[in-house]
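Chemist: Convert by adding 659 to the 1-based position in the sequence shown; the result is the number in my numbering.
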Amino acid sequence: MSDQRYPQQPNDFAVQPYADDEIDLKELFAVLWAGKLQIIGVTFVAAVLAVVIALMMPNIYRSEALLSPVSAGSGGAGLASKFGGLASLAGISLPSGGTDKTGLGIEVLKSRQFLQEFVSKRNILPELMAVEGWDAARNQVLFNEDVYDSASNTWVREAKPPRKAEPSVQEAHEAFLKILSVSQDKESGFVSIGIEHHSPVVAQQWVSWLVEDINETIRKQDVEQAERSINYLKEQINSTSLTELQAGFFEMIQSQTETIMLAKASPEYLFKTIDPAVVPELKSKPKRALIAVLGALLGGMLGVLIVLIRHYAFSKE
């Protein structure tokens with residue numbers, strides 16, 4: 660058998676040269692080293708700007724209160740199971756064992772109507788919408804004179820229609836929600852209410868007022884509802900001759916009367932204060948050191964980007 664000779668094939672596993680579009684790390688480091696002064700300069704400028712901006716930002720203080728929901732007793736559980744259907748037809752709410760109104764209270768606290776009444780009752784619109792700082796030495800808030808003239812207690816801001824010089828209810832509601840925080844721990848059920856403000860005294864005062872007013876609001880609603888229910892039940896007693904129905908109505912009247920008595924005897928009707936709000940000694944923000952560090956890091960990244968763009972985009976034809 661004669662030997663077959665095949666033409667010599669190129670070695671498929673031979674090392675191929677790098678593609679032209681691949682980055683040479685050695686060249687990359689050389690480019691960055693050559694532009695080190697520019698990178699350092701941009702980083703320094705960015706860090707200085709970040710420090711200046713951080714120092715210009717006013718201090719914000721946060722005050723917080725820890726609350727415990729006040730649950731309804733179990734005395735009305737039997738009444739609710741016995742006359743629940745009859746009460747629902749009459750539009751009457753009977754107490755049930757172990758229930759609470761925590762979710763209702765939180766939503767009412769964040770509602771437009773409640774905050775409108777809160778701002779109006781406590782007369783805090785200027786401190787909400789026109790404050791730009793706090794004088795710790797005199798313990799006074801500093802107002803933006805372009806928005807509010809504190810000497811004459813008049814609003815002087817320039818607003819485009821339909822808005823006016825004095826902030827509207829919607830504006831006040833939006834501003835209040837930005838500084839208000841309400842949260843509930845799912846495991847313990849405790850509720851935290853916090854306020855952030857330029858003045859630590861104002862922050863503490865507003866939290867205390869919020870706790871007081873939300874308790875009063877829910878208590879007032881329950882008393883008014885119970886009184887309407889009692890009046891309705893009395894009318895039903897007079898209009899029926901069935902003894903069993905009259906007995907049920909009397910028991911429901913007793914339950915509603917207990918609700919009124921409990922509400923009027925309990926200042927902390929919805930939320931019981933576990934840890935009251937205090938005047939904070941230290942600011943909560945801004946984090947000036949963090950702002951300076953982030954500014955320097957962003958400046959360094961920008962400097963590296965500028966050096967690379969100048970080399971790869973403009974140095975080669």
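Note that CB positions come from ideal geometry on N, CA and C, so glycine has one too.
1) I need the DSSP call for K944, collapsed to helix, strand or coil.
2) Can you say whether A906 is buried or exposed, counting buried as having 16 or more other CB atoms within 10 angstroms of its CB?
3) Between the alpha carbons of L726 and E846, how many angstroms are there, rounded?
4) Quick check: the segment 850-860 against the segment 936-948, are at least 3 beta-carbon pairs closer than 8 Å?
5) Tell me which residues share the same chain as V729 and place their Cβ nearer than 8 Å to its Cβ, disregarding the 5 neighbours each side in the sequence.
6) Taking the alpha-carbon positions, what's the A922 to S943 distance?
7) Select from Y891, M960 and Y720 the residue whose C-alpha is nearest the C-alpha of D794.
8) For I698 versus V963, is the C-beta distance shorter than 8 Å?
9) Please list, in chain order, all residues of the same chain as M960 whose beta carbon is under 6 Å from its beta carbon, the five residues on each side excluded.
10) Between the beta-carbon of I765 and the beta-carbon of Q843, is there less than 8 Å?
11) Give the straight-line distance between the Cα atoms of A834 and T918, rounded to the nearest whole angstrom.
12) Between which residues of its own chain and V701 is the CB-CB distance below 7 Å, once the five residues before and five after are set aside?
13) Closest to E871 by CA distance: which of S888, F773 and E686 is it?
Modeler: On the basis of the data shown:
1) Your numbering for residue 944 matches position 285 in the sequence shown. Strand, per DSSP.
2) Residue numbering aside, residue 906 sits at position 247 when the sequence shown is read from its first letter. With fewer than 16 other Cβ atoms within 10 Å, it is exposed.
3) Looking up residue 726 in the sequence shown gives position 67. Looking up residue 846 in the sequence shown gives position 187. So the alpha carbons of these two residues sit roughly 14 Å apart.
4) yes
5) Within the sequence shown, the letter at position 70 stands for residue 729. Same-chain partners within the cutoff: D759, S925, E927, Y928, L929, F930 and K931.
6) Here residue 922 is taken as the residue at index 263 of the sequence shown, counted from 1. Here residue 943 is taken as the residue at index 284 of the sequence shown, counted from 1. Roughly 37 Å between the two C-alpha positions.
7) Here residue 794 corresponds to residue number 135 of the sequence shown, with the count starting at 1. Out of Y891, M960 and Y720, Y720 has the C-alpha closest to the C-alpha of D794.
8) Within the sequence shown, the letter at position 39 stands for residue 698. Within the sequence shown, the letter at position 304 stands for residue 963. Yes, these two residues count as a Cβ contact at 8 Å.
9) Position 301 of the sequence shown, counted from the first residue, corresponds to residue 960. The answer is none, since no qualifying residue turns up.
10) Your numbering for residue 765 matches position 106 in the sequence shown. Your numbering for residue 843 matches position 184 in the sequence shown. For I765 and Q843, yes; Cβs fall inside 8 Å.
11) Counting from one through the sequence shown, the residue named residue 834 turns up at place 175. Counting from one through the sequence shown, the residue named residue 918 turns up at place 259. Rounded to whole angstroms, A834 to T918 spans 36 Å at the Cα level.
12) As a first step, residue 701 must be located in the sequence shown, where it is residue number 42. Within the same chain, V701 has close Cβ partners G958, L961, G962 and I965.
13) Numbered from its first residue, the sequence shown carries residue 871 at position 212. Cα-wise, what sits closest to E871 is F773.
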